[in-house]
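Comments concern the structure below.
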Amino acid sequence: MDHRRSAPTPPPGEREPIRSPWLFAVLLAIVLAGTPVWYPTGLIEPLVFGVPFWFAISVASTLAFAGFVSWICLRRWNIAEAAETAEAAAAADRGDDR
Amino acid sequence: MNDLIFAGPSGIAILCAYAVVMLLIGWYAGRSGNTGTARGYFTAGGGLGMVTLFFTLYATQYSGNSVVGYPPQAYREGFLWWQSVPFMIAVIAVYLLFAPRLYVLAKQKGFVTPTDFVRDRFGSTRLSLLTIALMLWGLGNYVLEQLVAMGHGIAGLTGETIPYEIGVIGFIVVMLAYSWTGGMRAIAMTDVMQGTAMLVGIGALLAGAVYLTGGLGTLTTYLADTSPELVGVPETADAVNWFAMIVMIGFGAAVYPHAIQRVYSARSERTLKRSLAFMAWMPLVTTGVVFVVGIAGIQLFPGLDTAASEQLVGLIANEVAATNVLFYLLMILLFGGIVCAIVSTADSAVLAFSSVVSSDLYGRYIAPGASDRRKVVVGKLVGVAMVFGLLAIAWNPPGTLFSIFVLKFELIVQLAPVFILGLYWKRMTAGPTFWGMLVGALVAGGATLIGWGPFYGVPAGLVGLAANVTIVVIGSLLLTRDGVRDDVPATR
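As given, the protein sequences belong to chains A and B, one line each in that order. Using the working numbering, the letters of the first sequence correspond one by one to residues -12 to 85. Using the working numbering, the letters of the second sequence correspond one by one to residues 98 to 589.
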């Protein structure tokens, strides 16, 4: 008996974030870009929008982090929604208001 | 928070008003929901809609510590404390690793507690018991932190008009009353009110800080001249710690039992993912705003030592409230918001604790034949006993608020592999998972207790997690050399 089967193919239209590793690679890159490990200790200049350059980069990275996580939630996650919507519609047709 | 001018009778009035609203919401939730079954009481029957779910995620994730403890941290660490914004976003990013699949499984199998998944997936008693032990320890610590913060908040912000003991006991009674009548549904509904009060309070705190500093435009220049170490690029170990905290808090907070129970409580996948999509932005208007307040505090109250800086929010509130009636009212709202932030986190952790004891310990090992209704009653009684037990410890709070916060994450993060790897990796087996979790907890807890670490910026919790994952992966690979085990329940 061969146990070394590959992961089952998800049904058409189903989207689960963990099955797209590139999403998490991008998230990691965004977080690393905002981590102040890339600059000499103590550096303040140049100022960008009144704050140190390194801090401006960290704030921009944080905005990108929030935006990308939010986008994944809304666009790259779809497992049960279609079935649940159909079930809710069927329940409404039956007059089931639970 | 010494000699506060403002609170007094107004503080008591806002506390009483908020307490009455919470009790009314709890009474309504208890009447309108099914709280007689374990799933109905502990997870609202999986029926929370988008607004309620969002606010319960928000009010639970951001505790009193986020409002009272983080500004002093920003005051002491400067721009380095911006890490508190990405590390709260990371919690939502880590949810994305497991919540989509766990939600589907929970609906299919009617999970009530996080241990239900562990038992369903691994079928191992000792692994379930170790999971329960870590969860109870983490939850106990979490509630303790809230009780300590409640003392700081109520006694400090009312200038001792309400003594610490009376304030804490009063709000505990209110919290237990609405939790008792309505369970998760009441907690989530009160979270809507509490989360709103918290957001208003944080907005009031920012408005006060901006008013006192006369604007934030010249703040960086001031800090660069007076305290360049607070705005310059941090030392490498601190920068490494920045990244390490994002990883540890991201993984630790996402697998907290009350966090997982909110995944179970969602009415639909649509409500869950939309709530989390909003939650990804909330750190910017919560820990981000609080960070700005802490930085403004450096200019407003220079030279405070660690203990004095812990009172920073009270110092700002005191100064702001004394200026005019509008700011006085805003600071009263801040005061109410802080108390709501504390109560909304404590109630969720108490409920999760109750559910784990009643369903996982009592219902499974002590009285396996117990009815659902009996388990719910036992859960309620356990919640009451737990809170009053922890109160005894809270009278003498250990260390600063943040040190308590880090300590609990050191252990709770050891639960991450069992949920995240366990959902997807079929070769993962119970034995190595148990030993990995145990060794990870011993390394993390032991190192913290004897004062080892952080190791070049990496906290002991992550060192323990690395050991944990290594044991799980190597052990599972060795035990299943022939391939995927057939006796492991499928998760898809």
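Backbone N, C-alpha and C define an ideal beta-carbon position, used for all residues, glycine too.
Where does residue i land, buried or exposed, given buried means 16+ other C-beta within 10 angstroms?
i, result
"Ala306/B", "buried"
"Asn338/B", "buried"
"Leu575/B", "exposed"
"Arg359/B", "buried"
"Ala443/B", "buried"
"Leu15/A", "exposed"
"Asn49/B", "There is no way to answer for residue 49/B, as the model of chain B reaches only from 98 to 589."
"Val560/B", "buried"
"Gln205/B", "exposed"
"Pro465/B", "exposed"
"Ile429/B", "buried"
"Phe52/A", "buried"
"Asp322/B", "exposed"
"Phe36/A", "exposed"
"Arg(-8)/A", "Annotation note: pLDDT 44 at Arg(-8)/A (below 50); position unreliable, no value reported."
"Asp213/B", "buried"
"Pro39/A", "buried"
On the premise that residue j lies in contact with residue i, defined as a C-beta separation below 8 Å, what is that separation, rounded to the nearest angstrom?
i, j, result
"Ala283/B", "Thr149/B", "Rounded, the Cβ-Cβ distance is 11 Å, inconsistent with contact."
"Val536/B", "Ala564/B", "5 Å"
"Pro4/A", "Pro197/B", "6 Å"
"Cys437/B", "Ala294/B", "4 Å"
"Ala446/B", "Val182/B", "With a Cβ gap of about 23 Å, Ala446/B and Val182/B do not count as contacting."
"Leu302/B", "Val390/B", "5 Å"
"Ser48/A", "Gly21/A", "3 Å"
"Gly554/B", "Asp335/B", "6 Å"
Flag residue i as yes if its beta-carbon sits less than 7 Å from any beta-carbon of chain B, otherwise no.
i, result
"Glu68/A", "yes"
"Ala73/A", "no"
"Glu47/A", "Here residue 47/A is Ala; the residue named in the question, Glu, does not match the sequence. False, the Cβ-Cβ gap to chain B never drops below 7 Å."
"Ala79/A", "no"
Please report whether the beta-carbon of residue i lies at a distance below 7 Å from any beta-carbon of chain A.
i, result
"Ser573/B", "no"
"Phe340/B", "yes"
"Leu207/B", "The amino acid occupying residue 207/B in the given sequence is Gly; Leu does not appear at that position. No - not a single Cβ of chain A is within 7 Å of the one on Gly207/B."
"Val360/B", "no"
"Thr210/B", "no"
"Arg367/B", "yes"
"Pro183/B", "yes"
"Leu512/B", "no"
"Ala377/B", "yes"
"Phe499/B", "Low confidence applies here, because Phe499/B scores a pLDDT of 46, under 50, leaving its location unreliable and the question unanswered by this model."
"Ile343/B", "yes"
"Leu373/B", "yes"
"Lys505/B", "no"
For residue i, which residues from the same chain have a beta carbon less than 7 Å from its beta carbon, with the 5 sequence-adjacent residues on both sides left out?
i, result
"Met379/B", "Tyr155"
"Phe184/B", "Met342, Ile343, Ile346 and Gly347"
"Gln396/B", "Thr310, Leu316 and Tyr319"
"Ile299/B", "Val164, Thr383, Val386, Val387 and Gly434"
"Trp600/B", "Because residue 600/B is not part of the residues shown, which for chain B are 98 to 589, the question remains open."
"Ala351/B", "Val188, Val191 and Tyr192"
"Trp116/A", "Residue 116/A lies beyond the stretch modelled for chain A, which goes from -12 to 85, so this question has no answer here."
"Phe195/B", "Phe516, Ile517 and Leu520"
Please work out which residues of its chain come closer than 6 Å, Cβ to Cβ, to residue i, disregarding the five sequence neighbours upstream and downstream, and give them in chain order.
i, result
"Ala126/B", "Gly279, Arg282, Ala283 and Met286"
"Leu409/B", "Pro168, Pro169, Tyr172 and Gly394"
"Ile392/B", "Ala171"
"Pro331/B", "Leu177"
"Leu510/B", "Per the sequence shown, the amino acid found at residue 510/B is Val instead of Leu. Closer than 6 Å at the Cβ level, and outside the excluded window around Val510/B, lie Met345, Phe348, Gly349, Gly558 and Leu562."
"Gly123/B", "Tyr275, Thr278, Gly279 and Ala283"
"Val454/B", "Val479"
"Met232/B", "Pro354 and Val453"
In chain order, what residues of the same chain have a beta carbon less than 8 Å from the beta carbon of residue i, not counting five sequence neighbours either side?
i, result
"Ala363/B", "Gly143, Leu145, Leu150, Tyr200, Leu369 and Ser372"
"Trp522/B", "Ser573"
"Ala116/B", "Gly267, Phe268 and Val271"
"Arg471/B", "Ala464"
"Leu594/B", "A question about residue 594/B goes unanswered here, because the residues of chain B that appear run from 98 up to 589."
"Leu273/B", "Val447, Gly480, Val481 and Val484"
Could you tell me whether any non-hydrogen atom of the ligand MN is closer than 6 Å to the CB of residue i?
i, result
"Leu233/B", "In the structure on display, the ligand MN does not appear, and there are no ligands present to speak of."
For residue i, which residues in chain C fall below 9 Å Cβ to Cβ?
i, result
"Val337/B", "Chain labels in this structure do not include chain C; the protein chains are A and B."
Closer than 8 Å, Cβ to any Cβ of chain B: which residues of the stretch 21 to 45 of chain A, in chain order? Gly21, Thr22, Pro23, Val24, Tyr26, Pro27, Thr28, Gly29, Leu30, Ile31, Leu34, Gly37, Val38, Pro39, Trp41, Phe42 and Ser45
For the stretch 1 to 13 of chain A, which residues have a beta carbon sitting closer than 7 Å to at least one beta carbon of chain B? Glu3, Pro4 and Ile5
Of all the residues that make up the stretch 165 to 178 of chain B, which are near chain A by a beta-carbon distance shorter than 9 Å? Phe176 and Leu177
Closer than 7 Å, Cβ to any Cβ of chain B: which residues of the stretch 50 to 62 of chain A, in chain order? Phe52, Ala53, Val56, Ser57, Ile59, Cys60 and Leu61
Cβ-based contacts, 7 Å cut-off: residues of the stretch 309 to 332 of chain B near chain A: Gly314, Thr317, Ala321, Pro325, Val328, Gly329, Val330, Pro331 and Glu332
Against chain A, which members of the stretch 516 to 535 of chain B pass a CB distance test of less than 7 Å? Tyr521
Interfacial residues, the stretch 187 to 204 of chain B to chain A, with Cβ spacing under 8 Å: Ala187, Ile189, Ala190, Leu193, Leu194, Phe195, Pro197, Arg198, Tyr200, Val201 and Lys204
Residues in the stretch 470 to 494 of chain B with C-beta within 9 Å of chain A's C-beta atoms, listed in sequence order? none
Give me the subset of the stretch 144 to 162 of chain B whose CB atoms are less than 7 Å from a CB atom of chain A, sorted by chain position. none
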